[in-house]
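Our numbering numbers the first residue of the sequence shown as 21 and each following residue consecutively. So the structure is just underneath, and the comments pick up after that.
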Amino acid sequence: MDVRRWLLTLLCTAATLLQAQDAPVVPSKVTLASEAWDGYTNADGSGLAWDVMRKVFEPAGLQVQPRTEPYTRAVGLAQRGEVDGWVGSYRDEVTGVLYPRWHYDSDPIYALGLATSPAPSLATLGRYRLAWVHGYKYEAYLPNVRRFNQIHRRDGILPMLQYGRADFYIDALTEAREVLSQAQDPATFRLTHLTQLPLYVGFADNERGRDLRAVFDRRMDALVKSGELKPIFQHWKQPYPF
């Protein structure tokens, strides 16, 4: 009787070990990089996007570790696997990374131009000379784009528009408003809504990234169904994207 019990215990232990080996190993933390966007991905770890990431990962036992980097560097870190992913990507923006099924937010895209200029639309963008920050690749997401320049700094945008070096500056609403706030007379300019672009986490293309992507999609399935993310968007006074 004792021998049979011992053999049964041994078989159960072996089965448990085999199951543990087959199960994906999910890390205990997730390091995500992002540019510091005011009220969204603040350098101190506060902001809408960081709150959403914590709501997604921390109930699954994963501590979120924000890392503030310029946008293009954040992308490169994820591509090289030096961070687990980056926040604020458009779908299929770059190669060599993993995109989940779920977006976590959407970006309201606006055109900033002179108030005296005709208001642009998606259908008329091809008529104008456009500009946006290097690395954002709006040409892949906006239709009819023909002439555009990529700039490295936002502090020269208003003079660029005033002196006719571009017709419209394209950016997400928060950044466009920040640029407009630098104007001595904001009434000189006008913001025009163009579209909404879903925002994703771009995960590193490795085993760890695949495990984290699976956790992300599983948690987003539950959070969108339950509506648990709504209070975060209400707290930051942003529209709920689902």
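Yeah, the Cβ is synthetic: ideal placement off N, Cα and C, and Gly gets one too.
Nearest to residue i by alpha carbon, out of the options?
i      : options                        : result
Leu200 : Leu134, His255, Asp112, Gln254 : Leu134
Ala196 : Ile177, Tyr183, Gln182, Ala207 : Ile177
Asp187 : Thr144, Thr215, Gln216, Asp175 : Thr144
Pro261 : Val72, His172, Tyr130          : Val72
Val235 : Tyr158, Pro140, Ala80, His255  : Ala80
Thr51  : Arg74, Glu159, Gln85           : Gln85
Arg147 : Pro120, Val165, Glu159         : Val165
Asp237 : Trp152, Ile252, Phe77, Pro120  : Pro120
Return yes when the Cβ of residue j is within less than 9 Å of the Cβ of residue i, no when it is not.
i      : j      : result
Leu219 : Ser126 : yes
Leu118 : Leu142 : no
Arg174 : Glu159 : no
Thr194 : Trp57  : yes
I think residue i touches residue j, with their Cβ atoms under 8 Å apart; what is that distance to the nearest whole Å?
i      : j      : result
Ala224 : Asp104 : 6 Å
Glu55  : Tyr110 : At roughly 14 Å, the Cβ-Cβ gap does not stay under 8 Å, so Glu55 and Tyr110 are not in contact.
Ala53  : Glu89  : 5 Å
Leu82  : Ser48  : 7 Å
Ile129 : Ala69  : At roughly 17 Å, the Cβ-Cβ gap does not stay under 8 Å, so Ile129 and Ala69 are not in contact.
Gly108 : Trp256 : The pair is not a contact, with the Cβ atoms about 15 Å apart (cut-off 8 Å).
Lys75  : Leu243 : 7 Å
Ignore the nearest five residues each way along the sequence and tell me which others in residue i's own chain have a CB closer than 8 Å to its CB.
i      : result
Val114 : Val95, Gln99, Gly222
Arg210 : Leu132, Gly133, Leu134, Ala135, Ser137, Ala139
Lys157 : Tyr110, Glu113
What residues in its chain sit with their C-beta under 6 Å from that of residue i, if we drop five residues either side in the sequence?
i      : result
Tyr183 : none
Met240 : Trp122
Sorted by chain position, which residues of the same chain lie with C-beta nearer than 7 Å to residue i's C-beta, five sequence neighbours on each side aside?
i      : result
Gly116 : Gln99, Asp225
Check the DSSP bridge columns for residue i and list the partner residues they point to.
i      : result
Trp152 : Gln170
Arg210 : Gly133
Thr215 : Ile129
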